[in-house]
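What follows is a set of notes on a single structure, which appears directly below.
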Amino acid sequence: MQVDLLAGNCHRSAVMPQRRPTILLFDSGLGGLTVLSEVVASRPDADIVYAADDAAFPYGRLSEAALVARVLTVMERLVARFHPDLVVIACNTASTLVLPALRARFSIPFVGTVPAVKPAAARSRSGLVSVLATPGTVARDYTRGLIEHYAGGCEVTLVGATRLAGLAEAALKGETIADSDVLAEIAPCFVARDGRRTDVVALACTHYPLLLARYRRLAPWPVEWIDPAPAVARRVTQLLGPAGDWRDAGEACAVFTAGTRLSGPARIALAGFGLARIEIEAMPA
Ligand code: DGL
Numbered sequence: 004m005q006v007d008l009l010a011g012n013c014h015r016s017a018v019m020p021q022r023r024p025t026i027l028l029f030d031s032g033l034g035g036l037t038v039l040s041e042v043v044a045s046r047p048d049a050d051i052v053y054a055a056d057d058a059a060f061p062y063g064r065l066s067e068a069a070l071v072a073r074v075l076t077v078m079e080r081l082v083a084r085f086h087p088d089l090v091v092i093a094c095n096t097a098s099t100l101v102l103p104a105l106r107a108r109f110s111i112p113f114v115g116t117v118p119a120v121k122p123a124a125a126r127s128r129s130g131l132v133s134v135l136a137t138p139g140t141v142a143r144d145y146t147r148g149l150i151e152h153y154a155g156g157c158e159v160t161l162v163g164a165t166r167l168a169g170l171a172e173a174a175l176k177g178e179t180i181a182d183s184d185v186l187a188e189i190a191p192c193f194v195a196r197d198g199r200r201t202d203v204v205a206l207a208c209t210h211y212p213l214l215l216a217r218y219r220r221l222a223p224w225p226v227e228w229i230d231p232a233p234a235v236a237r238r239v240t241q242l243l244g245p246a247g248d249w250r251d252a253g254e255a256c257a258v259f260t261a262g263t264r265l266s267g268p269a270r271i272a273l274a275g276f277g278l279a280r281i282e283i284e285a286m287p288a
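Just so you know, the sequence shown maps onto residues 4 to 288 in my numbering.
This is how it looks when you write it as structure tokens:
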């Protein structure tokens with residue numbers, strides 16, 4: 004046995020890493036919590052920093068130039084403050100645009116979250132697939148490239164939902180949201196043509212799985228909803244290796260850029276994801 008001075012834990016150095024990894028998960032708001040759950044399940048030993056750029060939420064309405072500049076600026080501050088071993092961009096709107104600039108700027112690994120076009124096309128039997136995303140993600144060359152490369156045999160309907168991320172945040176914070184508003188956002192995903200119907204919908208915004216139970220209830224017919232979070236968690240484990248044999252789970256905190264006090268229900272929701280410690284890194288948009 005020896006004492007690991009960095010982590011303050013006793014361990015057998017032959018079989019354990021020298022210290023716990025720190026994973027930074029980043030999103031514009033609370034959507035990345037859907038990815039956090041999967042990452043924590045596969046690396047429960049890691050220290051987690053969940054960073055929400057709520058000062059600039061929603062990212063879906065920002066121009067590409069503004070989004071690249073914003074994410075680079077915020078990431079500079081977060082990396083300097085938390086020194087992560089790996090960063091998960093738990094946001095499709097950012098990942099489909101900013102990953103090359105982040106990888107050029109920082110030497111740590113970045114794992115992105117991008118529309119699950121390939122698995123969606125592979126699972127569809129009808130050949131009608133929908134991608135539900137923010138207007139930003141729908142407009143990206145990257146998203147169109149995924150469709151060209153991986154969805155050859157399918158007709159893909161891209162649905163840019165303008166309000167759904169906000170509705171998901173509101174619901175998570177305990178506010179009442181109307182079924183009719185949710186249905187209006189998801190309805191364009193359901194296409195019926197030549198006796199065939201959409202049978203797979205890729206949830207290409209990390210906020211959207213927060214309302215999955217509601218989509219299932221409101222959907223005009225049953226479809227398979229694909230959440231990319233398990234694939235993201237697998238990639239994290241590939242890069243960091245399997246969980247170390249620590250006795251306790253890692254520590255977790257949440258960081259917000261808006262600098263405003265979070266409501267009680269929002270704090271309760273975060274605590275439900277293991278995020279009881281809340282910090283502020285005020286960065287007005
Ligand atoms: N959670 C983000 C995503 O995965 C988007 C929400 C926003 O528009 O900020 O795309």
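Glycine is no exception: its CB is placed at the ideal position from the N, C-alpha and C atoms. From a predicted model like this one, the values you see are computed outputs, not experimental measurements.
Taking the straight line between their C-alpha atoms, what separation do you get for Glu41 and Arg80?
25 Å
Supposed contact pair Met78 and Leu102 - C-beta distance, whole angstroms, cut 8 Å:
With a Cβ gap of about 11 Å, Leu102 and Met78 do not count as contacting.
Cβ pair Asp57, Thr209 closer than 7 Å:
no
Quick check on this structure: which residue in Gly34, Pro287 and Ile26 has the alpha carbon closest to the alpha carbon of Ala269?
Gly34
Can you give me the Cβ contacts of Ala173 inside the same chain, cut-off strictly under 7 Å, excluding the 5 residues immediately before and after it?
Ile180
Per DSSP, Ile229 forms a beta bridge with which residues?
Ala205
Would Leu75 and Tyr53 be called neighbours here (beta carbons separated by less than 7 Å)?
no
Find the nearest neighbour of Phe113 within the set Thr160, Arg264, Thr137 and Asp88, judged by alpha-carbon distance.
Asp88
Cα-Cα separation, Arg166 to Glu188:
7 Å
Going along the chain, which residues of its own chain have a beta-carbon closer than 8 Å to the beta-carbon of Arg199, five neighbours each way excluded?
Ser129, Gly130 and Leu131
Please classify Leu36: does DSSP put it in a helix, a strand, or coil?
helix
Proximity of Leu175 and Leu213 at Cβ, strictly below 7 Å:
yes
Determine the DSSP secondary structure at Arg73, reduced to helix, strand or coil.
helix
Assumed close pair Asp251, Leu221 - CB separation to whole angstroms, cut-off 8 Å
Going by Cβ atoms, the distance from Asp251 to Leu221 rounds to 41 Å, so no, they are not a contact pair.
For Gly115, which option in Val162, Ala257 and Pro231 has the closest C-alpha, if you only look at C-alpha atoms?
Pro231
Cα-Cα, which of Leu65, Arg46 and Asp50 is closest to Ala142?
Leu65
Nearest by alpha-carbon distance to Ala255: which of Gly262, Ser266 and Leu273 is it?
Leu273
Helix or strand or just coil, what does DSSP make of Leu132?
For clarity, residue 132 is Val in the given sequence; the question names Leu instead. Of the three classes helix, strand and coil, the one that applies to Val132 here is strand, per DSSP.
Where does Asp7 fall in DSSP's three states?
Here the model assigns Asp7 a pLDDT of 31, short of 50, so the residue's position is not dependable and the matter cannot be decided.
Does DSSP put Ile281 in a helix, a strand or coil?
strand
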